[in-house]
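Worksheet for the structure shown next.
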Amino acid sequence: MANIVTKIFGSENDRKLKKLRPIVAKINALEPQFVALSDEQLKAKTVEYRKRLEDGETLDDLMIEAFATVREAAKRTLGQRHYDVQLIGGITLHRGEIAEMRTGEGKTLVSTLAAYLNALAGEGVHIVTVNDYLAKRDAEWMGRVYTFLGMTTECINNYEPYGNARKTAYAADITYGTNNEFGFDYLRDNMKFDAENFVQRPLHYAIVDECDSILIDEARTPLIISGPAEDSVEKYYEINKIVPHLKMDVHFTMEEKSKTVSLTEEGNTKVEELLGVDNVYDIKHIGSLHYIYQALKAHHLFRKEVDYMIVEGEIV
Numbered sequence: 093m094a095n096i097v098t099k100i101f102g103s104e105n106d107r108k109l110k111k112l113r114p115i116v117a118k119i120n121a122l123e124p125q126f127v128a129l130s131d132e133q134l135k136a137k138t139v140e141y142r143k144r145l146e147d148g149e150t151l152d153d154l155m156i157e158a159f160a161t162v163r164e165a166a167k168r169t170l171g172q173r174h175y176d177v178q179l180i181g182g183i184t185l186h187r188g189e190i191a192e193m194r195t196g197e198g199k200t201l202v203s204t205l206a207a208y209l210n211a212l213a214g215e216g217v218h219i220v221t222v223n224d225y226l227a228k229r230d231a232e233w234m235g236r237v238y239t240f241l242g243m244t245t246e247c248i249n250n251y252e253p254y255g256n257a258r259k260t261a262y263a264a265d266i267t268y269g270t271n272n273e274f275g276f277d278y279l280r281d282n283m284k285f286d287a288e289n290f291v292q293r294p295l296h297y298a299i300v301d302e303c304d305s306i307l308i309d310e311a312r313t314p315l316i317i318s319g320p321a322e323d324s325v326e327k328y329y330e331i332n333k334i335v336p337h338l339k340m341d342v343h344f345t346m347e348e349k350s351k352t353v354s355l356t357e358e359g360n361t362k363v364e365e366l367l368g369v370d371n372v373y374d375i376k377h378i379g380s381l382h383y384i385y386q387a388l389k390a391h392h393l394f395r396k397e398v399d400y401m402i403v404e405g406e407i408v
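All you need for this note's numbering is the position in the sequence shown, starting with 1, plus 92.
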């Protein structure tokens with residue numbers, strides 16, 4: 093029965109594709125009009141679309157014309173014309189859905205449609221690939237289309253993780269890179285203490301190539317940033333001398349159930365006095381503050397033979 097219903101009404105995918113074909117027809121209808129434009133007139137379309145966005149139109153309003161623009165630009169720069177199936181793929185990507193395409197159907201060219209359209213907002217587009225070679229190749233190859241239309245293209249894999257060059261790459265209209273590099277930059281930004289040092293802009297729109305591999309297979313392996321441990325133990329002894337001067341309920345409060353401690357206002361002042369600093373929450377002293385909290389827990393919350401044991405001279 094299910095097979096009979098599918099033959100009569102089509103599968104869910106068939107019905108979705110059927111709804112997209114009239115949009116493709118409208119894009120095709122514009123082709124003669126865009127073929128007649130000079131290079132300068134075609135390039136000027138980007139400025140026109142951005143102005144229309146500012147005036148209240150939406151990306152969906154611009155989609156048909158923008159796709160026709162990219163198709164013509166690709167013909168002139170790459171000698172490649174988007175087929176109808178690629179236009180359908182572009183519409184699907186723009187809508188935030190998965191476009192499953194066979195090898196040879198031109199996924200790389202498909203991405204230019206949705207990337208250009210969403211980059212018109214000026215908030216940046218990320219194109220995530222599975223390896224370094226593809227990221228660099230696609231940025232250079234498809235970048236010719238974007239450059240022709242007055243947009244900037246960069247690849248973060250061309251630059252070292254730290255520095256202004258990486259930040260500049262994220263400021264481009266369209267930024268290519270591998271999933272690991274995008275992920276590690278996100279983690280590094282979240283370890284910084286000043287938002288001005290972030291390399292990434294607020295996240296806006298992304299196209300993920302080989303999404304089954306990146307979002308499922310590779311996602312099983314977490315991205316971890318590790319660093320060298322503190323070599324010197326002098327800090328422990330220094331802080332351990334300070335803690336006995338701090339009084340419970342005066343300089344700090346304690347929550348036994350959750351095993352947490354918090355300094356009071358008076359406690360902050362006392363710690364600053366004992367450490368000889370102006371502001372214990374300053375970035376330069378934040379490490380000392382961490383040690384103080386740990387020492388307070390060790391002195392007042394952790395009990396021998398309950399929270400820890402001493403085995404052969406070592407704390408366990």
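For each residue, glycine too, the CB sits at the ideal point set by N, CA and C.
Since the structure is predicted, the reported quantities are computational estimates derived from the model, not experimental observations.
Contact check, residue i vs residue j, beta carbons under 8 Å
| i | j | result |
| --- | --- | --- |
| I180 | L122 | no |
| Y251 | A261 | yes |
| E270 | N289 | The residue you asked about is not Glu; residue 270 is Thr in the sequence shown. Cβ atoms of T270 and N289: not closer than 8 Å. |
| I299 | L185 | yes |
| M234 | T195 | no |
| H391 | V325 | no |
| A227 | V217 | no |
| K135 | F240 | yes |
| A213 | L145 | yes |
Cβ-based burial, residue i [other Cβ within 10 Å; buried from 16]
| i | result |
| --- | --- |
| S130 | exposed |
| L209 | buried |
| N394 | Residue identity differs from the one stated: residue 394 is Phe in this sequence, not Asn. Label assigned to F394: exposed. |
| E273 | buried |
| L279 | exposed |
| D265 | buried |
| A211 | buried |
| I378 | exposed |
| T150 | exposed |
| S203 | buried |
| M283 | exposed |
| F285 | exposed |
| K59 | Nothing about residue 59 can be read from this structure; the chain reaches only from 93 to 408. |
| T313 | exposed |
| I156 | buried |
| R163 | buried |
Reduced DSSP secondary structure (H/G/I, E/B, other) of residue i
| i | result |
| --- | --- |
| S350 | coil |
| Y268 | strand |
| I190 | coil |
| T221 | strand |
| A419 | Examination of residue 419 is not possible in this model, given that the chain is present from 93 through 408 alone. |
| I402 | strand |
| L355 | strand |
| I316 | coil |
| M340 | strand |
| E397 | coil |
| T150 | coil |
| E197 | coil |
| I407 | strand |
| T138 | helix |
| T345 | strand |
| E215 | coil |
| E184 | The sequence given here has Thr at residue 184, not Glu. Looking at T184 - three-state DSSP - the assignment turns out to be helix. |
| T244 | coil |
6 Å CB neighbourhood of residue i in its chain, flanking five on each side removed
| i | result |
| --- | --- |
| D301 | T221 |
| Y268 | I219, A227, D230, A231, C247 |
| A166 | Q172, V237 |
| H296 | E215, G216 |
Nearest-angstrom Cα separation, counted from residue j out to residue i
| i | j | result |
| --- | --- | --- |
| E330 | Y385 | 13 Å |
| F126 | T161 | 7 Å |
| T356 | I407 | 30 Å |
| V237 | E246 | 13 Å |
| A287 | F276 | 16 Å |
| L367 | S318 | 29 Å |
| T345 | S354 | 5 Å |
| S305 | N105 | 22 Å |
| T169 | F159 | 15 Å |
| N120 | I316 | 47 Å |
| E364 | I375 | 14 Å |
Same chain, Cβ closer than 8 Å to residue i, five either side skipped, listed in chain order
| i | result |
| --- | --- |
| K339 | none |
| K396 | I402 |
| Y400 | F394, I407, V408 |
Same chain, Cβ closer than 7 Å to residue i, five either side skipped, listed in chain order
| i | result |
| --- | --- |
| K351 | K389, L393 |
| Y175 | none |
| N360 | V372 |
| H343 | L355, T356, E358, G359, K362 |
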